[in-house]
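What follows is the structure, given as structure tokens:
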């Protein structure tokens with residue numbers, strides 16, 4: 001016992017030396033690990049810390065822990081994926097297949113936790129993140145600046161798509177000039193809609209992309225635009241591929257996984273680093289090949305993330321060097337100066353009346369400009385159609401009542417032809433004739449529409465004038481009347497047919513929205529374009545209906561005044 | 575002429591006629607719905623009370639509603655999975671066009687129905703029967719107006735013509751195609767109007783005979 005007591009100080013010293021040595025070694029090793037800037041090391045550190053924190057008693061019960069820690073607490077990650085997007089996220093019985101779902105599996109495997117899938121749609125994927133019902137959305141989501149405000153996107157991006165214009169092989173489309181005046185089927189909210197609308201094409205809106213291939217097959221749509229990733233599956237169908245082809249490609253969009261903007265910093269950091277590693281090590285590329293999707297973008301990204309300057313981490317995050325990561329798509333629309341007031345009004349309406357009002361046409365500059373131009377063009381259309389109807393009515397009324405047989409027969413042939421032609425076809429023919437002489441422009445379409453509406457309604461009104469002249473001749477025995485007699489008779493006939501002339505003038509005003517069919521930039525066309533890239537269809541089309549009813553009511557009132565004037569003239573001596 | 579004899583007449587024409595059948599179907603539905611709405615409006619309008627004023631206002635609104643805008647309103651606002659009390663209320667393309675034509679049809683029926691009822695009250699039942707040819711005329715106007723359905727992808731006659739036109743590269747071929755389309759619609763319309771005129775003339779003759787008989791008695 002005495003000897004042990006005597007040796008205690010030296011034993012203590014030896015132990016202290018050993019401890020110092022171990023501490024030194026540990027410090028050296030830790031220092032080396034801390035200095036390792038590879039994404040692998042940064043990810044390992046991040047995961048170790050989160051696991052340790054999750055293992056600390058009481059932490060998992062806290063409500064505000066980072067989602068990465070909670071994933072380790074629950075030993076499960078919740079991934080939001082799509083179930084109706086073949087090759088990316090599609091249900092096959094009880095299993096989900098596709099590139100996105102495989103990416104989710106790779107992430108869960110790296111984290112060494114269970115994976116729980118949740119079905120998401122384009123409409124709810126960001127909301128489900130915010131509501132904490134999923135941890136990560138891997139759901140064919142394009143990364144743009146607008147969405148950056150709603151979710152935290154993981155970079156580098158895990159895929160990239162582009163919009164393609166698909167149509168039958170029989171239709172020749174070489175560039176954007178060939179789509180002018182054509183109807184293109186699109187899905188509401190697709191980021192490329194504004195670009196398509198600006199090319200002079202008509203948009204036919206669908207809520208779900210799934211409808212587009214079917215509408216192409218049954219020829220309801222002759223052309224459709226959607227992501228190439230979407231059509232990739234349909235082109236694997238020999239019957240579809242035999243008849244259809246991609247005509248144009250445009251609007252590249254990087255796809256990003258996304259997590260909630262709050263409470264997900266460490267999860268986002270871990271996914272950033274994982275994404276870097278997956279690119280560098282061809283994990284994404286192999287998954288794309290396995291799912292038979294286009295992998296050109298992933299090959300390029302692999303080369304980028306293999307470069308030493310890119311294959312690094314920063315703090316607890318991935319590399320944010322702009323020479324390595326791609327920027328989000330810059331699609332943010334410039335807000336109007338009164339956008340906040342409009343938003344406040346929408347909120348006030350909802351809170352005080354329960355009415356969900358959405359006024360996208362007042363919130364962004366492109367929508368506001370389209371709206372203003374739509375209103376002014378509609379008014380020009382209406383005034384032009386009224387003037388053209390009146391002009392053609394007088395012209396054809398005179399020609400039909402003329403004593404010259406060739407002139408009369410020509411006018412009769414034209415009248416019968418116009419009466420036998422549905423107005424939509426008349427508009428299309430007018431636009432086709434205009435394009436023979438002039439290059440297409442919205443103004444040419446506007447003029448063609450005014451001409452077509454004026455001619456259609458003018459023929460009918462002209463026939464009414466002619467019938468009035470016939471009855472007047474029978475009544476007054478004017479068969480041998482001179483030039484002045486004919487002119488006088490014509491004036492009286494116009495007065496007598498005032499009711500019919502007015503009804504066709506009203507008809508012309510009511511018919512102006514149909515001009516949107518040939519791409520005339522009137523209000524219906526403008527609002528369809530606005531709703532193609534924003535929300536609020538119910539409010540928008542309700543406003544449109546009210547606008548036209550009010551305008552037609554004004555036209556009815558003014559035409560009533562015109563009828564009174566014409567009928568008063570009828571009573572005056574010729 | 576090769577295009578006409580080898581393609582347009584043997585291949586395209588049957589497709590066009592099938593498409594035109596859709597136009598007739600839409601017009602028939604619209605007219606039936608228009609009668610269902612227009613007749614009560616007529617009766618309400620002639621009642622002369624506040625109900626009459628309300629009916630007149632409603633008829634004015636129906637008259638002012640542009641068909642094309644109503645069609646886009648229905649097409650875009652009613653969700654494809656919309657339900658009321660558990661019943662699906664989503665409209666097919668054909669029904670969307672038909673319902674969009676109802677304001678015109680109902681206003682027309684209300685206007686002409688009022689005239690017919692007044693004739694009936696004056697003791698002129700044959701004059702009141704002129705309501706029938708007028709309804710027939712409205713039917714053919716509705717057939718022509720239903721071509722607006724092409725804008726929302728309804729496979730009616732004009733949609734068939736436009737689809738075919740997109741496949742023809744030469745402008746001259748397109749105009750030939752349009753001429754065939756106009757001829758088909760024109761024949762249907764002119765035959766229809768001729769039948770209406772026959773009916774109108776027959777009723778007119780009956781009316782004249784009755785007037786003569788009553789004046790002699």
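Chains as they are written, first to last, in this note's numbering: chain A, 1 to 574; chain B, 575 to 791.
In this text, a Cβ means the ideal position worked out from N, Cα and C, and glycines have one as well.
The three-state secondary structure of residue 85 (chain A), taken from DSSP, is strand.
Of all residues in the segment 733 to 750 of chain B, those with a C-beta nearer than 7 Å to a C-beta of chain A are 735, 736, 737, 740, 741, 743, 745 and 748, reading in chain order.
The DSSP-derived three-state label of residue 758 (chain B) is helix. Here residue 526 (chain A) is near residue 370 (chain A), since their CB atoms are less than 8 Å apart. Residue 371 (chain A) carries a helical assignment under DSSP once its states are collapsed to helix, strand and coil.
When DSSP reads this structure, residue 226 (chain A) sits in a beta bridge with A:164. Look at residue 257 (chain A) here: in three-state DSSP terms it is coil, with no helix or strand label. The beta carbon of residue 346 (chain A) is closer than 7 Å to those of 357, 358 and 359 in its chain, skipping five residues each way along the sequence. Note on geometry: alpha-carbon atoms of residue 502 (chain A) and residue 517 (chain A) lie some 25 Å from one another. Beta-bridge partners of residue 73 (chain A) (DSSP): none assigned. One thing to note: residue 419 (chain A) has its Cβ no nearer than 8 Å to the Cβ of residue 457 (chain A).
Residue 91 (chain A) sits in a strand when the DSSP states are folded into three classes. Contact annotation for residue 499 (chain A) against chain B: no contact, minimum CB-CB distance about 12 Å [criterion: below 7 Å]. Contact of residue 548 (chain A) with chain B is assigned, a C-beta pair being separated by under 8 Å.
Under the Cβ criterion of 8 Å, residue 474 (chain A) is not counted among the residues facing chain B. In this structure, DSSP gives residue 771 (chain B) a helical state, which the three-state scheme calls helix. Residue 490 (chain A) counts as buried, since no fewer than 16 other beta carbons sit within 10 angstroms of its beta carbon.
For the pair residue 38 (chain A) and residue 313 (chain A), the CB atoms are nearer than the 8 Å cut-off.
Here the segment 179 to 186 of chain A lies against the segment 196 to 214 of chain A, with 3 or more beta-carbon pairs under 8 Å apart. For residue 101 (chain A), the closest of A:112, A:430, A:69 and A:257 by C-alpha to C-alpha distance is A:257. By the neighbour-count criterion, in which 16 or more other beta carbons inside 10 Å mark a residue as buried, residue 528 (chain A) falls on the buried side. With a 10 Å radius around the Cβ and a threshold of 16 neighbouring Cβ atoms, residue 262 (chain A) comes out exposed. Here the alpha carbon of residue 600 (chain B) sits roughly 13 Å from the alpha carbon of residue 678 (chain B). The beta carbon of residue 721 (chain B) sits closer than 8 Å to some beta carbon of chain A.
For the segment 417 to 434 of chain A, the set of residues with a beta-carbon nearer than 8 Å to any beta-carbon of chain B comprises 417, 419, 420, 421, 422, 423, 424, 425, 428, 429 and 432, in chain order. In the structure shown, the three-state DSSP call for residue 460 (chain A) is helix. In this structure residue 583 (chain B) is exposed. Its beta-carbon is surrounded by fewer than 16 other beta-carbon atoms within 10 angstroms. Per DSSP, reduced to three states, the secondary structure at residue 245 (chain A) is strand.
Closest in C-alpha terms to residue 377 (chain A), from the list A:166, A:405, A:450 and A:68, comes A:450.
Under DSSP, the beta-bridge partners assigned to residue 185 (chain A) are A:204 and A:224. Not a single C-beta of chain A is nearer than 8 Å to the C-beta of residue 713 (chain B). Taking 8 Å as the CB threshold, residue 215 (chain A) lines the interface with chain B.
If you ignore the 5 residues before and after residue 249 (chain A), its C-beta comes within less than 8 Å of the C-beta of 162, 163, 164, 165 and 228, all in its own chain and listed in chain order.
Among the CB atoms of chain B, none fall inside 8 Å of the CB of residue 260 (chain A). By the criterion of a C-beta distance shorter than 7 Å, residue 291 (chain A) is surrounded in its chain by 87, 98, 99 and 102, once the five residues flanking it on both sides are discounted. Taking a contact to require three or more Cβ pairs closer than 8 Å, the segment 672 to 689 of chain B and the segment 603 to 612 of chain B qualify as touching.
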